[in-house]
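Engineer: Residue numbers (my numbering): 1352 to 1762. From the three backbone atoms N, C-alpha and C, an ideal C-beta is built for every residue, glycine too. Small disclaimer: the values here were computed from a predicted structure and weren't measured. Before we start, here is the structure in question, set down as C-alpha cells.
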C-alpha cells in the first residue's frame, strides 16, 4: 500500500496515532460558532485557536521545520483536513497567508525573510493579505499602475488596490507594484512585503451582496518600504505573481469543505431529508454527483501536495483545482434549489441554518471570479497544460508607459 495512504499498513500506526492526536486536540480546543460575537472578538478567538493548534504541531504540517513548520508529509495534512472538516474552525483570517503569501515566501523569499515572517504567519501572530488587483487591472494583473519609486534605502509607493480579502485585519501584505514603466508590462513589476500599519496605508471595506464586507480597497499614499522588502528580484514581480497565483488557485480549489458549510454534500443530504426529498431519484443522482466531485477534488489536491513535496510545484495545474472548485459550488447551489424550491428564498426569523444557506448562495458568484475568473482558468489550462495556441497579445513587447490601460494617462 502507498505510503501516501494516511491509514495504510506502511507507517499506519504512526498515522493512526496522529489522527487520534488531532481528534483529541480538536475536541478540546475547537471553538463553537462565532456568529454572535463582534468582529474584533471573533479575530481574538481565531488567533487563540491558531496559536494553540500551532503549538500542538498541527499548523504548517508539511512546511519546512527550518522555518517553523513540522516537516511532515501530505498524508498527515490529509488526516488533519479530514478531521478538521467536522468543525467550523475560525481559519478564514489566515487563509491568504497560509495558502498564498507563506508558500510564495518559501519559494522566493530570502533566508532572512523566511526566518522573520513565516513562523509568526503560521502561528497567527501576524496576518497577511494579497495586494494584486486594481480598478483598472483585474484579470490582466500585469496592467497594474501602483508605482514604487526607489528613494535611497527605501521604495516609495503610491496607488490603489481593490478586492483585497482580509486587509482590515492584516499586519503585512504581498504587494505588486510597477518599478519600471519603460519596459513591457510584464517585466517592470516587483513584489514587496508591505507593513499594513505603515503611515499612508488606508483600508476601506467593500460590502458585497451577502451583507458582509470580506473585501477592501487599499490606498497607498507615499508609503515607504525598506529596500530589503523585495520578494525575489527587482523587476521579477511577474514570476513572483505567477508563483503566488498558482498557490492561490490550489488553496481556493482545495479548501476544506467544513461540516458547517451549507453547500457541502453532507449538509445537502440533511436538507433533502428535512424536505422529504431524499428518495427522489433526481435528487439522489445530483447528490451522488456532488459527493463524487468533492472526493475527486480532495484526491487531486492531495496529489498536488504530494508532488510539491517531491519538488514539483503545482504550476498551471492549480487552475484545474480552482476551476473545479468553482464549478462544484455552482452545482451545489443548483442542487440546493432543486431540493428546497421556493423555501430557499424565504425563512422565518431566527432560522440560522436557512440564513447561512442564503449567504452561501449569494457568495457563490464570487467563486467564479476570485483568484482569476473561470474563463482565465480555462485559458491557462488550454495553453499551459493542453498546449493549445496562445491568444494574441499585441501589447506584450510595448513599453508600459505607451499603453492606454485603465485610467493611465500618457505622460
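Check whether the segment 1672-1685 touches the segment 1735-1750, counting contact only when three or more Cβ pairs, one atom from each stretch, lie closer than 8 Å.
Structural biologist: With a cut-off of 8 Å, the segment 1735-1750 and the segment 1672-1685 do not count as touching, because too few Cβ pairs lie within range.
Engineer: Relative to the C-alpha of residue 1480, which candidate in 1545, 1666 and 1462 has its C-alpha closest?
Structural biologist: Checking every option, the nearest Cα to that of residue 1480 belongs to 1545.
Engineer: So with Cβ pairs under 8 Å, would you call residue 1621 a contact of chain D?
Structural biologist: The structure shown contains no chain D; it is built from a single protein chain.
Engineer: Between the C-alpha atoms of residue 1750 and residue 1534, what's the straight-line distance to the nearest angstrom?
Structural biologist: Rounded to whole angstroms, residue 1750 to residue 1534 spans 4 Å at the Cα level.
Engineer: From what residue to what residue does the alpha helix (DSSP H) around residue 1653 run?
Structural biologist: Element bounds for residue 1653: 1632-1660.
Engineer: Would you check if the segment 1663-1671 and the segment 1443-1451 touch, i.e. whether three or more CB-CB distances between them fall below 8 Å?
Structural biologist: No, they do not touch.
Engineer: Using a Cβ distance threshold of 8 Å, determine whether the segment 1427-1442 contacts the segment 1377-1388, with at least three qualifying pairs required.
Structural biologist: Yes, the segment 1427-1442 touches the segment 1377-1388.
Engineer: Quick one: Cα of residue 1644 to Cα of residue 1696, how far?
Structural biologist: Spanning the two alpha carbons is a distance of roughly 26 Å.
Engineer: Along the chain, where does the beta strand (DSSP E) containing residue 1525 start, and where does it finish?
Structural biologist: 1523-1529 is the span of the beta strand (DSSP E), which, as asked, contains residue 1525.
Engineer: With a threshold of 7 Å on Cβ separation, who are the neighbours of residue 1719 within its own chain once the five nearest residues in sequence on each side are excluded?
Structural biologist: Excluding residues within five positions, the ones whose Cβ falls inside 7 Å are 1677 and 1725.
Engineer: Taking 8 Å as the cut-off, does the segment 1576-1585 touch the segment 1452-1465 (at least 3 CB pairs, one atom from each stretch)?
Structural biologist: Yes, since at least three Cβ pairs between the segment 1452-1465 and the segment 1576-1585 fall closer than 8 Å, the two stretches touch.
Engineer: Could you have a look at residue 1440 and say whether DSSP puts it in helix, strand or coil?
Structural biologist: Residue 1440 falls in the coil class under three-state DSSP.
Engineer: Quick one: residues in its chain with C-beta nearer than 8 Å to the C-beta of residue 1473, no 5 flanking neighbours on either side, listed in chain order?
Structural biologist: Correct list, in chain order: 1405, 1410, 1411, 1414, 1419, 1420, 1449 and 1453.
Engineer: Return helix, strand or coil for residue 1506, following the three-state DSSP convention.
Structural biologist: Of the three classes helix, strand and coil, the one that applies to residue 1506 here is strand, per DSSP.
Engineer: Here's a check: name, in chain order, each residue in its chain whose Cβ is nearer than 7 Å to the Cβ of residue 1570, leaving out the five neighbours to either side.
Structural biologist: Within the same chain, residue 1570 has close Cβ partners 1511 and 1553.
Engineer: My guess is that residue 1370 and residue 1434 are in contact by the Cβ rule of under 8 Å, so how many angstroms apart are they, rounded?
Structural biologist: About 7 Å; that satisfies the 8 Å criterion.
Engineer: Reducing DSSP to helix, strand and coil, say where residue 1481 ends up.
Structural biologist: Of the three classes helix, strand and coil, the one that applies to residue 1481 here is strand, per DSSP.
Engineer: Answer yes if the segment 1528-1542 comes into contact with the segment 1464-1478, meaning at least three C-beta pairs across the two stretches below 8 Å, and no otherwise.
Structural biologist: Contact between the segment 1464-1478 and the segment 1528-1542 is absent, because fewer than three Cβ pairs lie under 8 Å.
Engineer: Pull up the CB-CB distance for residue 1500 and residue 1430, whole angstroms please, since I reckon it's below 8 Å.
Structural biologist: The Cβ separation is near 48 Å, so there is no contact.
Engineer: Could you tell me whether the Cβ atoms of residue 1522 and residue 1547 are closer together than 8 Å?
Structural biologist: The answer is yes: Cβ separation under 8 Å.
Engineer: What is the rounded straight-line gap between the Cα of residue 1756 and the Cα of residue 1492?
Structural biologist: One C-alpha to the other measures close to 11 Å.
Engineer: My guess is that residue 1578 and residue 1506 are in contact by the Cβ rule of under 8 Å, so how many angstroms apart are they, rounded?
Structural biologist: Contact holds; Cβ gap of about 7 Å.
Engineer: What are the boundary residues of the beta strand (DSSP E) that residue 1725 is part of?
Structural biologist: Counting along the chain, residue 1725 falls outside any beta strand (DSSP E), though it belongs to the alpha helix (DSSP H) covering 1725-1731.
Engineer: What does the alpha-carbon distance come out to for the pair residue 1597 and residue 1627?
Structural biologist: Rounded to whole angstroms, residue 1597 to residue 1627 spans 42 Å at the Cα level.
Engineer: Find the nearest neighbour of residue 1556 within the set 1549, 1564 and 1550, judged by alpha-carbon distance.
Structural biologist: Looking at the Cα atoms, 1564 is the closest of the given residues.
Engineer: For residue 1564, does the three-state DSSP call read helix, strand or coil?
Structural biologist: Residue 1564: coil per DSSP, three-state reduction.
Engineer: Can you tell which of 1484, 1503, 1637 and 1504 has the C-alpha that lies nearest to the C-alpha of residue 1497?
Structural biologist: Per the Cα distances, 1484.
Engineer: Relative to the C-alpha of residue 1525, which residue among 1478, 1428, 1402 and 1659 is closest?
Structural biologist: For the residues 1478, 1428, 1402 and 1659, the minimum Cα distance to residue 1525 belongs to 1478.
Engineer: Could you say if the segment 1586-1595 and the segment 1646-1659 meet the contact criterion of at least three C-beta pairs nearer than 8 Å?
Structural biologist: They do not touch, by the three-pair rule.
Engineer: Here's the rule I'm using: 16 or more other beta-carbon atoms within 10 Å means buried, otherwise exposed. How should residue 1560 be labelled?
Structural biologist: Per the 10 Å Cβ criterion, exposed.
Engineer: Among the candidates 1397, 1396 and 1455, whose CA atom is the shortest distance from the CA of residue 1595?
Structural biologist: Considering only alpha carbons, the answer is 1455.
Engineer: Does the beta-carbon of residue 1359 have 16 or more other beta-carbons within 10 angstroms, so that it is buried, or is it exposed?
Structural biologist: A caution first: residue 1359 carries a pLDDT of 41, below 50, which makes its placement in the model too unreliable to give a value.
Engineer: At which residues does the alpha helix (DSSP H) containing residue 1469 begin and terminate?
Structural biologist: Taken as a continuous stretch (DSSP letters only), the alpha helix (DSSP H) holding residue 1469 covers 1462-1474.
Engineer: Alpha carbon to alpha carbon, how far is residue 1487 from residue 1566?
Structural biologist: Roughly 17 Å between the two C-alpha positions.
Engineer: Determine which residues share a DSSP beta bridge with residue 1488 and list them.
Structural biologist: According to DSSP, residue 1488 bridges with 1485.
Engineer: Report the CB separation of residue 1622 from residue 1687 in whole angstroms; it is logged as a contact under 8 Å.
Structural biologist: Yes, residue 1622 and residue 1687 are in contact; Cβ-Cβ is about 7 Å, under 8 Å.
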